[in-house]
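Novice: So for the sequence shown, this note's numbering puts the first residue at 206; every next one is plus one.
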Amino acid sequence: MRHPDLQRLVDYALTLPGATEHHPWGEYAIKVKGKSFVFLSGGRSGKACAITAKLPESGDAVLSVHAFASPAGYNLGKSGWVSAEFPQGEDAPVDLLKGWIDESYRAIAPKAKKSR
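As structure tokens, this is what we get:
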């Protein structure tokens, strides 16, 4: 059974225009136009909820303020991706993480073409 916070984040990410759900490696990869903008997982290694999102605007501040945040692995941290994990029995800050999802979506989603 999925942790309620994980489910709330997945459900929220899927409300964004063009968002689709994929399941590589047994995790959730939420994509827009074929590009992942957030990875969500839970239930493994005692983690109730884990998130990785691209935070080009707030990433440095997030890393300096929140002890639960760390640069994403696989060298993604160098490109502004941030990860956070929350153990079983600990609530995730869902509203804050929805903000991460929004920022990551804006960073990854194709930009609308301006008409002349």
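Just so it is clear, CB atoms sit at the ideal spot from N, CA and C, and this is done for glycine as well.
Source: prediction; values computed, not measured.
In or out: Ala399 buried (at least 16 other Cβ within 10 Å) or exposed?
Specialist: Any question about residue 399 goes unanswered here, given that the chain covers just 206 to 321.
Novice: Assuming Ile256 and Val243 make a contact with CB atoms under 8 Å, what is their CB distance in whole Å?
Specialist: About 7 Å separates the two Cβ atoms, so the contact holds.
Novice: CA-CA distance, Leu211 and Cys254?
Specialist: Taking the straight line from one Cα to the other gives about 5 Å.
Novice: Give the range of the beta strand (DSSP E) segment to which Trp286 is assigned.
Specialist: Looking at the DSSP string, the run of the beta strand (DSSP E) that includes Trp286 is 286–292.
Novice: Can you tell me where the beta strand (DSSP E) holding Lys240 begins and where it ends?
Specialist: 240–246 is the extent of the beta strand (DSSP E) around Lys240.
Novice: Taking the CB atoms as reference points, tell me whether Leu238 and His227 lie closer together than 7 Å.
Specialist: Here residue 238 is Lys; the residue named in the question, Leu, does not match the sequence. Not in contact: Lys238 and His227 (Cβ atoms no closer than 7 Å).
Novice: In whole angstroms, what separates the C-alpha of Ala314 from that of Phe291?
Specialist: Each residue's alpha carbon lies about 27 Å from the other.
Novice: In the DSSP assignment, find the alpha helix (DSSP H) that holds Lys303 and state where it starts and stops.
Specialist: First-last of the alpha helix (DSSP H) with Lys303: 299–313.
Novice: Specify, as a first and last residue, the run of the beta strand (DSSP E) that Ser331 falls within.
Specialist: Only positions 206 to 321 of the chain appear in this structure, which leaves residue 331 out of reach.
Novice: Taking Ser241 as the reference, which of Ala224, Val287, Ser288 has the closest Cα?
Specialist: Among Ala224, Val287, Ser288, the Cα nearest to that of Ser241 belongs to Ala224.
Novice: So, Gly285 versus Gly264, is the Cβ gap smaller than 7 Å?
Specialist: Yes, the Cβ-Cβ distance between Gly285 and Gly264 is below 7 Å.
Novice: When you compare the CB positions of Leu260 and Val287, do they come within less than 7 Å of one another, or not?
Specialist: Yes, the pair counts as a contact, with Cβ atoms nearer than the cut-off.
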